[in-house]
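Let me begin by presenting the structure, written as structure tokens, before commenting on it.
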Amino acid sequence: MTEAKQYTCIGCPIGCPLHLEHDGNTIKEVSGYECDRGAKYAHQEFIDPRRSLSTTVAISGAMWPRLPIRTCKPIHKDQVLEAVRKIQALKLQAPVKMGQVLIRDFMGEKGIDVVACRTMKRADESS
Amino acid sequence: MLGRVEKKYGVVVVGGGPAGLGAALGARDYGEDKVLILDREPEAGGILLQCIHSGFGLHYFKEELTGPEYAQRFIEKVIDHDVDILPASYVSRIAADSDGIKKVRIINEKRGILTVEAQAVVLAMGCRERTRGAVRIPGTRPSGILTAGLAQKFVNLMGYLPGKKIAILGSGDIGLIMARRLSLEGCEVVGVFELMPYSNGLSRNVVQCLNDFNIPLHLSNTVAAIHGRDRVEKITVAPVGKDLKPDLARAWDVPCDTLLISIGLIPENELTQNLGISLDVATGGPRVSSTLETSMPGVFACGNVLHVHDLVDFVTNESLLAGRFAAELSRGVRRPGDNIQLLPGENVRYCVPHTLNPGHKHTVYLRCKAPMKPCKIRVGNLIEKKLRFVFPAEMIMLKLKPDLLDKFHGDSLRIDILPLAKEERND
Numbered sequence: 686m687t688e689a690k691q692y693t694c695i696g697c698p699i700g701c702p703l704h705l706e707h708d709g710n711t712i713k714e715v716s717g718y719e720c721d722r723g724a725k726y727a728h729q730e731f732i733d734p735r736r737s738l739s740t741t742v743a744i745s746g747a748m749w750p751r752l753p754i755r756t757c758k759p760i761h762k763d764q765v766l767e768a769v770r771k772i773q774a775l776k777l778q779a780p781v782k783m784g785q786v787l788i789r790d791f792m793g794e795k796g797i798d799v800v801a802c803r804t805m806k807r808a809d810e811s812s
Numbered sequence: 295m296l297g298r299v300e301k302k303y304g305v306v307v308v309g310g311g312p313a314g315l316g317a318a319l320g321a322r323d324y325g326e327d328k329v330l331i332l333d334r335e336p337e338a339g340g341i342l343l344q345c346i347h348s349g350f351g352l353h354y355f356k357e358e359l360t361g362p363e364y365a366q367r368f369i370e371k372v373i374d375h376d377v378d379i380l381p382a383s384y385v386s387r388i389a390a391d392s393d394g395i396k397k398v399r400i401i402n403e404k405r406g407i408l409t410v411e412a413q414a415v416v417l418a419m420g421c422r423e424r425t426r427g428a429v430r431i432p433g434t435r436p437s438g439i440l441t442a443g444l445a446q447k448f449v450n451l452m453g454y455l456p457g458k459k460i461a462i463l464g465s466g467d468i469g470l471i472m473a474r475r476l477s478l479e480g481c482e483v484v485g486v487f488e489l490m491p492y493s494n495g496l497s498r499n500v501v502q503c504l505n506d507f508n509i510p511l512h513l514s515n516t517v518a519a520i521h522g523r524d525r526v527e528k529i530t531v532a533p534v535g536k537d538l539k540p541d542l543a544r545a546w547d548v549p550c551d552t553l554l555i556s557i558g559l560i561p562e563n564e565l566t567q568n569l570g571i572s573l574d575v576a577t578g579g580p581r582v583s584s585t586l587e588t589s590m591p592g593v594f595a596c597g598n599v600l601h602v603h604d605l606v607d608f609v610t611n612e613s614l615l616a617g618r619f620a621a622e623l624s625r626g627v628r629r630p631g632d633n634i635q636l637l638p639g640e641n642v643r644y645c646v647p648h649t650l651n652p653g654h655k656h657t658v659y660l661r662c663k664a665p666m667k668p669c670k671i672r673v674g675n676l677i678e679k680k681l682r683f684v685f686p687a688e689m690i691m692l693k694l695k696p697d698l699l700d701k702f703h704g705d706s707l708r709i710d711i712l713p714l715a716k717e718e719r720n721d
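Protein chains in written order, with the working numbering: chain P, 686 to 812; chain R, 295 to 721.
Structure, rendered in structure tokens:
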């Protein structure tokens, strides 16, 4: 029996309304997208919904007490809260460089790293 | 007039956010080698530094970046191009000489009051948030009421949580993003209340910031009262009718200790007004020509100080242009003035720039007043373009080709957004 699911694409700010038809676990058809990202997103969302995660971690000796970080690839949607708790345990020391890997193979997934989103110099260094 | 001049520049940019960084680069790329960026914060980057979520740069860099990453890429470029950056500097006044040279008075944390001279000035001060005062919510004045962007600065830069149980008034993107951010940090977000019958933020943010966290979005509802003596204890929420007035008979109370306000942005134009520059009531920013020059020759504007954008990529594109035109002027190139006025017509709230010039390509940014789908956008009788939908929260970008205006002989051009006639719908 064919069933349908409605999604809103989060691939870009347009937010295409997506319509996915499936029979059990088999995807029959996806429509409503304006670019490939939409089709990909609907497939991904049906099979294994993922979200990219951005948050901050404590850093000492820098201009600000928090350093923005993100996962370099999206993680499982239902693991987001657990992932934030894990990241919160980090305590860093300045300096840190943008793109620096803080945790490798995060949440046991190969190739998913937690990286710094900016360079944070030591507060006593002049900018 | 503003004291001894310490240094002379070709282009001085006021504001070091994405608009200021873009303008400085634009000026530099066009051959102006004396460019200065002034910023009141301790470092350049602007609000991008606190926007730690991803979604920036899809148009400009063709990849999805977080705010700090987008900012740092530009800051590095600007430094590579030998642009001077003076942070912790507040511009208190700009004045123009009779020969058009601008003097910019700066209050700097370490150096005190100083004045620099510029051939051209680019205004890139960005915008600020509307506060409780702008909508006059009745009730007490306890602590725990703050704008969403301020909460964002507290959480993402300073490491403070604004409260534990949070209600949000307004469904603009900052409010939606803070709903997710605070949920991730362990706060309980009790609901987002939106006056209009539609969300004011991008639909992707409703999906990934509210739906993912089961945060209810109450459309056509507003905060009718705030309660609590020292700290917010609860708010009264009321549905609104077509007249947007709260129906108190159907009001209910929502317990919370914090109310975030995300009800729109206002271009920050105090300096602009002091210069006597003419403003557009619809955008809240200066009126500008096709070269992004304000009514004062040699003063340009770009980014959110000109009109509030929804994507930083568009700010960057606009600012690169503003910088380029500022550099042209500082190097003595003077283009002929514009001779076509753009007029917002049916369902168009505003369009920027305000005037055009035949023989050039133009990018016109506009916003509709009300959602409409499907529809068409019409520029005078020159072109018509079909659109699947228009939405007040989503800026429309219209590219006009150089030869298009050659056929046009009037002095004002009206832009309308109109519903499609029945026979136009089927293709």
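Note that the Cβ used here is the ideal one computed from N, Cα and C, for glycine as well.
Have a look at the DSSP bridge pairing and note the partners of residue i.
{"i": "R:Lys528", "result": "R:His521, R:Pro549"}
{"i": "R:Met666", "result": "R:Val684"}
{"i": "P:Gln691", "result": "P:His704"}
{"i": "R:Cys645", "result": "R:Leu660"}
{"i": "R:Thr360", "result": "R:Ser348"}
{"i": "R:Pro456", "result": "The partner list for R:Pro456 (beta bridge, DSSP) is empty, contrary to what the question assumes."}
{"i": "R:Ile290", "result": "One cannot answer for residue 290 of chain R here, as it falls past the ends of chain R, which runs 295 to 721."}
{"i": "R:Glu411", "result": "R:Lys302, R:Lys397"}
{"i": "R:Tyr384", "result": "R:Ile401"}
{"i": "P:Thr740", "result": "P:Ile754"}
{"i": "R:Phe594", "result": "R:Val416, R:Glu587"}
{"i": "R:Val493", "result": "This sequence places Ser at residue 493 of chain R; Val is not what is there. Beta-bridge pairing links R:Ser493 to no other residue."}
Checking 8 Å against the spacing of the C-beta atoms, do residue i and residue j come in under that value?
{"i": "R:Glu358", "j": "P:Arg803", "result": "no"}
{"i": "R:Lys670", "j": "R:Leu714", "result": "yes"}
{"i": "R:Ser613", "j": "R:Gln413", "result": "no"}
{"i": "P:Gly696", "j": "P:Arg722", "result": "yes"}
{"i": "R:Leu538", "j": "R:Leu489", "result": "yes"}
{"i": "R:Ile597", "j": "R:Val609", "result": "For clarity, residue 597 of chain R is Gly in the given sequence; the question names Ile instead. Contact: yes."}
{"i": "R:Leu342", "j": "P:Arg751", "result": "no"}
{"i": "R:Lys663", "j": "R:Pro686", "result": "yes"}
{"i": "R:Cys345", "j": "R:Val599", "result": "no"}
{"i": "R:Ile468", "j": "R:Gln446", "result": "yes"}
{"i": "R:Lys528", "j": "R:Asp547", "result": "yes"}
Consider the C-beta atom of residue i and the heavy atoms of the ligand PLP; say whether any pair is separated by less than 7 Å.
{"i": "R:Leu707", "result": "Although the ligand PLP was asked about, the structure shown includes no ligands whatsoever."}
Can you check which of these residues, the options, is closest to residue i by C-alpha distance?
{"i": "R:Leu676", "options": "R:Glu688, R:Leu660, R:Asp697", "result": "R:Asp697"}
{"i": "R:Thr657", "options": "R:Leu615, R:Ser465, R:Asp541, R:Ile560", "result": "R:Leu615"}
{"i": "P:Arg807", "options": "P:Ala779, P:Val765, P:Gly700", "result": "P:Ala779"}
{"i": "R:Leu553", "options": "R:Gly597, R:Arg298, R:Leu476", "result": "R:Leu476"}
{"i": "R:Arg643", "options": "R:Thr577, R:Lys667, R:Gly617, R:Arg544", "result": "R:Thr577"}
{"i": "R:Val415", "options": "R:His601, R:Ala382, R:Ala317", "result": "R:Ala317"}
{"i": "R:Arg424", "options": "R:Leu559, R:Gly674, R:Asn651, R:Glu688", "result": "R:Leu559"}
{"i": "R:Asp506", "options": "R:Arg523, R:Arg474, R:Leu513, R:Ile468", "result": "R:Arg474"}
{"i": "R:Ser437", "options": "R:Ala532, R:Lys663, R:Val526, R:Glu640", "result": "R:Val526"}
{"i": "R:Asp393", "options": "R:Ser383, R:Asp378, R:Glu411, R:Tyr354", "result": "R:Glu411"}
{"i": "R:Gly466", "options": "R:Leu440, R:Glu479, R:Asn494", "result": "R:Asn494"}
{"i": "P:Ile732", "options": "P:Lys762, P:Lys771, P:Gly796", "result": "P:Lys762"}
{"i": "R:Pro744", "options": "R:Val329, R:Gly309, R:Gly433", "result": "Residue 744 of chain R lies beyond the stretch modelled for chain R, which goes from 295 to 721, so this question has no answer here."}
{"i": "P:Met748", "options": "R:Gly453, R:Gly427, R:Ile431, R:His347", "result": "R:Gly453"}
{"i": "P:Asp798", "options": "P:Asp809, P:Glu706, P:Lys771, P:Glu810", "result": "P:Lys771"}
{"i": "R:Leu681", "options": "R:Lys655, R:Arg719, R:Thr434", "result": "R:Arg719"}
Since residue i and residue j should fall inside the 8 Å C-beta cutoff, what is the C-beta to C-beta distance between them, to a whole number of angstroms?
{"i": "R:Ile369", "j": "R:Gly339", "result": "6 Å"}
{"i": "R:Ile388", "j": "R:Leu565", "result": "6 Å"}
{"i": "R:Phe487", "j": "R:Val449", "result": "At roughly 21 Å, the Cβ-Cβ gap does not stay under 8 Å, so R:Phe487 and R:Val449 are not in contact."}
{"i": "R:Asp632", "j": "R:Ser589", "result": "That pair is no contact at about 12 Å."}
{"i": "P:Ile760", "j": "P:Thr741", "result": "Not confirmed; about 17 Å, so no contact."}
{"i": "R:Ala321", "j": "R:Ala621", "result": "4 Å"}
{"i": "R:Cys481", "j": "R:Gly443", "result": "Not really, about 17 Å apart at Cβ, beyond 8 Å."}
{"i": "R:Pro638", "j": "R:Ile571", "result": "So it is not a contact: roughly 20 Å between Cβ atoms."}
{"i": "R:Pro630", "j": "R:Asn651", "result": "7 Å"}
{"i": "P:Lys713", "j": "P:Thr693", "result": "Actually they do not touch by this definition, with Cβ atoms about 20 Å apart."}
{"i": "R:Ile439", "j": "R:Ile557", "result": "With a Cβ gap of about 12 Å, R:Ile439 and R:Ile557 do not count as contacting."}
{"i": "R:Val329", "j": "R:Val299", "result": "Incorrect: roughly 17 Å between the Cβ atoms, too far for contact."}
{"i": "R:His347", "j": "P:Ser739", "result": "5 Å"}
{"i": "R:Leu513", "j": "R:Pro549", "result": "Not a contact, Cβ separation roughly 21 Å."}
Task: Residues of the stretch 346-364 of chain R whose Cβ lies closer than 7 Å to any Cβ of chain P, in chain order - done: Ile346, His347, Ser348, Leu352, Thr360, Pro362, Glu363
Task: Interface residues of the stretch 494-505 of chain R facing chain P [CB-CB below 9 Å] - done: Within the stretch 494-505 of chain R, the residues whose Cβ lies closer than 9 Å to some Cβ of chain P are Leu496, Ser497, Arg498, Asn499, Val500, Val501, Gln502, Asn505, listed in chain order.
- [ ] Report the residues of the stretch 777-791 of chain P with a CB closer than 7 Å to any CB of chain R, ordered along the chain.
- [x] Met783
- [ ] Please list the residues of the stretch 322-337 of chain R that have a C-beta atom closer than 7 Å to any C-beta atom in chain P, keeping them in chain order.
- [x] Pro336, Glu337
Task: chain P contacts from the stretch 432-453 of chain R (Cβ-Cβ distance under 7 Å) - done: Asn450, Leu451, Met452, Gly453
- [ ] Return the residues of the stretch 453-483 of chain R that lie within a Cβ-Cβ distance of less than 7 Å from chain P, sorted by chain order.
- [x] Gly453, Leu478
Task: Chain-ordered residues of the stretch 565-578 of chain R with a beta carbon less than 8 Å from chain P - done: none
Open item on the list: Please list, in chain order, the residues of the stretch 597-629 of chain R that have any C-beta partner in chain P closer than 8 Å.
Closed with: Cβ contacts with chain P come from Asp604, Leu605.
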